[in-house]
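A.B. asks: One structure coming up, written as structure tokens, with questions to follow.
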Ligand SMILES: Cc1cc2nc3c(=O)[nH]c(=O)nc-3n(C[C@H](O)[C@H](O)[C@H](O)COP(=O)(O)OP(=O)(O)OC[C@H]3O[C@@H](n4cnc5c(N)ncnc54)[C@H](O)[C@@H]3O)c2cc1C
């Protein structure tokens, strides 16, 4: 069965100012699009039916990667995941995670802006319109019930962006722009743990660039998925950490993706490992602590109990990656 796109206008402004003006149009429903690898399938399934798509692809300033004098790496929103994966200046863990997203064809179109602003996903909404109509539209779809947790008044759709998890672990920031001006915020502050209102920014704000500070520690990303390619993360664990000369951990960020509506910091586990050497016992306890904020639901591939169990397994393995050789 071919699913046709609904009719829409496709606009390709050449400056950020023009794009911001178009997005601020109060008369029409306007959506910004990067590579369209998520927006277009959603339009085909009638999850969204914007009257206008504003493409950022022709805005030169949004393409490319640069390193500033402090060593920070700035990645323009329209830079593709393939370009990031091939880059030799992007932090290694970020480039590797970009190479783990979807498939080569998708990475050639998909942009970092689209990945970081990726809509939340759920078994009950990422379906054809006829399926959703037959089963009853869910909360995120204009209905009044969350089919994942029918007694909840919250939407539990999942944040499934690989790069969001890694960018939070690396302490990145994002620059946003709109007709009201520009602001730079920590990327962690971009996300809400709410499947419907998953971004804190306004609908007419454009993510212009991601800034990753110069790393002076170790970082890793481990992704759980059924197949080695194409699949979204069922769980992503990103860790960045620094150690002193004696091997004592002096800084840690442990971030869990794919198990909530936003990337989640495992704060208790982070606090536990700081001031300690990462012995096997410390890794085991930190992994146990990291499962506490995780409340995966049965709304993606594999069961929630399995994914919760995998949090401790993956955190322990990821901590092993950053701990390196241990006594
Ligand atoms: C088969 C398949 C497998 C996939 N696997 C993965 C995976 O493993 N990991 C993963 O992370 N993703 C995966 N994806 C999802 C998606 O392809 C990627 O996340 C991709 O990086 C999205 O980028 P895009 O530029 O195509 O986004 P778009 O589809 O263009 O946009 C996505 C969202 O971001 C918004 N947006 C885009 N650019 C901006 C901007 N600059 N400022 C503000 N908002 C913006 C759009 O309005 C939209 O809401 C997969 C998709 C498919 C179809």
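Residue numbers (the numbering used here): 24 to 350.
Don't be surprised by glycine CBs; every beta carbon is placed ideally from N, CA and C.
Nearest CA to the CA of residue 75: which residue from 107, 42 and 106?
C.D. replies: Selected option, being the one with the closest Cα: 42.
A.B. asks: Counting pairs of Cβ atoms below 8 Å between the segment 78-97 and the segment 157-170, do you hit three or more?
C.D. replies: At 8 Å Cβ cutoff, the stretches do not touch.
A.B. asks: Could you pull out every residue in the same chain whose Cβ sits closer than 7 Å to the Cβ of residue 189, ignoring the five residues on either side in sequence?
C.D. replies: Cβ within range, chain order: 116, 117, 120, 244 and 261.
A.B. asks: Specify whether the segment 229-243 and the segment 130-143 touch according to this definition: at least 3 beta carbon pairs, one from each stretch, less than 8 Å apart.
C.D. replies: At 8 Å Cβ cutoff, the stretches touch.
A.B. asks: Are the Cβ atoms of residue 288 and residue 274 separated by less than 7 Å?
C.D. replies: No.
A.B. asks: Give the C-beta separation of residue 144 and residue 180 to the nearest angstrom, bearing in mind that I take them to be a contact with Cβ-Cβ under 8 Å.
C.D. replies: Contact holds; Cβ gap of about 6 Å.
A.B. asks: Indicate, with yes or no, if ligand 1 has a heavy atom lying under 6 Å from the CB of residue 124.
C.D. replies: Because some heavy atom of ligand 1 lies under 6 Å away, the Cβ of residue 124 counts as near it: yes.
A.B. asks: Less than 6 Å between the CB of residue 60 and some heavy atom of ligand 1, yes or no?
C.D. replies: Yes, since a heavy atom of ligand 1 falls inside the 6 Å radius drawn around the Cβ of residue 60.
A.B. asks: DSSP on residue 153, reduced to helix/strand/coil?
C.D. replies: Three-state result, residue 153: helix.
A.B. asks: Applying the criterion that 16 or more other CB atoms from any shown protein chain within 10 Å of the CB defines a buried residue, is residue 183 buried or exposed?
C.D. replies: Buried, because 16 or more other Cβ atoms sit within 10 Å of the Cβ of residue 183.
A.B. asks: Rounded to a whole number of angstroms, what is the C-alpha to C-alpha distance between residue 191 and residue 336?
C.D. replies: Cα-Cα distance, rounded: 21 Å.
A.B. asks: Counting only runs of 4+ residues fully inside the segment 50-108, write out the alpha helix (DSSP H) ranges in chain order.
C.D. replies: If we require 4 residues or more, the alpha helix (DSSP H) runs fully inside the segment 50-108 come out as 62-67.
A.B. asks: Return yes when at least one heavy atom of ligand 1 lies under 6 Å from the C-beta of residue 337, else no.
C.D. replies: Residue 337: no, Cβ never under 6 Å from ligand 1.
A.B. asks: Given this structure, state the Cα-to-Cα distance separating residue 217 from residue 338, to the nearest angstrom.
C.D. replies: Straight-line Cα distance between these residues: approximately 24 Å.
A.B. asks: Is the closest heavy atom of ligand 1 to the C-beta of residue 42 under 6 Å?
C.D. replies: No, Cβ of residue 42 sits at least 6 Å from all heavy atoms of ligand 1.
A.B. asks: Is the beta carbon of residue 45 closer than 7 Å to that of residue 28?
C.D. replies: Their beta carbons are not under 7 Å apart, which means residue 28 does not touch residue 45 by this criterion.
A.B. asks: Are residue 60 and residue 129 close, meaning C-beta to C-beta below 7 Å?
C.D. replies: Taking 7 Å as the Cβ cut-off, residue 60 and residue 129 qualify as a contacting pair.
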